[in-house]
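Some notes on the structure that comes next.
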Amino acid sequence: MEEKLKKSALVDALLFTAFSCVNVMAAETVPANSQIYKEAKSLSKVPANSKVFTGKAEVIPMSQQVPGMPVHNGIVIFEPGARTFWHIHPAGQFFTVLRGEGRTGVYGEKARVVKPGDVVICPAGVKHFHGAGPDTQMVQMTVTGDHPEGKGVTWLEEVTDEQYNKIEK
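Numbering (mature numbering (1 follows the signal peptide of the UniProt record, and there is no 0)) for the sequence shown: -26 to -1, 1 to 143.
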């Protein structure tokens, strides 16, 4: 019971942190010795690109190209069964599961089930996917490295149902 409460508190803390993060657009600058603060209600959801996602998902961009920070981050809300296509991040990515249950996989291997509090680290150049479980929504917060040439992700082919359903036990 205590472990469940700790995990719930961790998830709530992660959600609070995620939704309290700044949504800094490329045109904005951070004043010296200061911060940019935006309220959670100012963050907007955009539908995920159906050309690189299977199923319904929404993205909440949190930050893009903050000066001095070679990363950008966001929250992705995957509806049951939704997932990314296979993709590669030239500078790597990690994500934390905030709510729900999901799946992630490396090309050629069985997928893994991921749950709230789990962290997935995907080094540069690793072909992978992530998304919700077949019957549950998954919310994740991603941090993606910015590649010097400006391309944070290379999208590849769709993840087949067979690949998605082949789970490591």
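No residue lacks a Cβ here, since even glycine has one placed at the ideal position from N, Cα and C.
A quick note: this is a predicted structure, and the numbers were derived from the prediction, not measured.
Relative to the alpha-carbon of residue i, which residue among the options has its alpha-carbon at the smallest distance?
i	options	result
GLN67	ASN23, GLY126, PHE52	GLY126
ILE34	VAL71, LEU130, VAL20, GLU53	VAL20
ASP135	TRP129, LEU72, THR128, ALA85	ALA85
Quick check on the DSSP output: the alpha helix (DSSP H) that includes residue i runs from which residue to which?
i	result
ASN47	Segment 45 to 52 is the beta strand (DSSP E) holding ASN47; no alpha helix (DSSP H) there.
GLU136	135 to 139
Can you tell me whether residue i is buried or exposed? The criterion is at least 16 other CB atoms within 10 Å of its CB, across all chains shown.
i	result
ASN47	buried
SER37	buried
THR116	buried
GLN9	exposed
PRO90	buried
GLY99	exposed
LYS140	exposed
To the nearest whole angstrom, what separates the beta carbons of residue i and residue j, a pair I think is in contact under 8 angstroms?
i	j	result
TYR137	GLY79	The amino acid occupying residue 137 in the given sequence is Gln; Tyr does not appear at that position. About 7 angstroms; that satisfies the 8 angstroms criterion.
GLN114	VAL50	5 angstroms
HIS63	THR28	The pair is not a contact, with the Cβ atoms about 19 angstroms apart (cut-off 8 angstroms).
ARG77	GLY42	Their Cβ separation, rounded to whole angstroms, is 34 angstroms, which puts ARG77 and GLY42 out of contact at 8 angstroms.
Which residue marks the beginning of the beta strand (DSSP E) containing residue i, and which one marks its end?
i	result
HIS104	102 to 106
Is residue i near the ligand GTP - that is, is its Cβ less than 6 angstroms away from at least one heavy atom of it?
i	result
ILE51	With respect to the ligand GTP, the structure offers nothing, as it holds no ligand at all.
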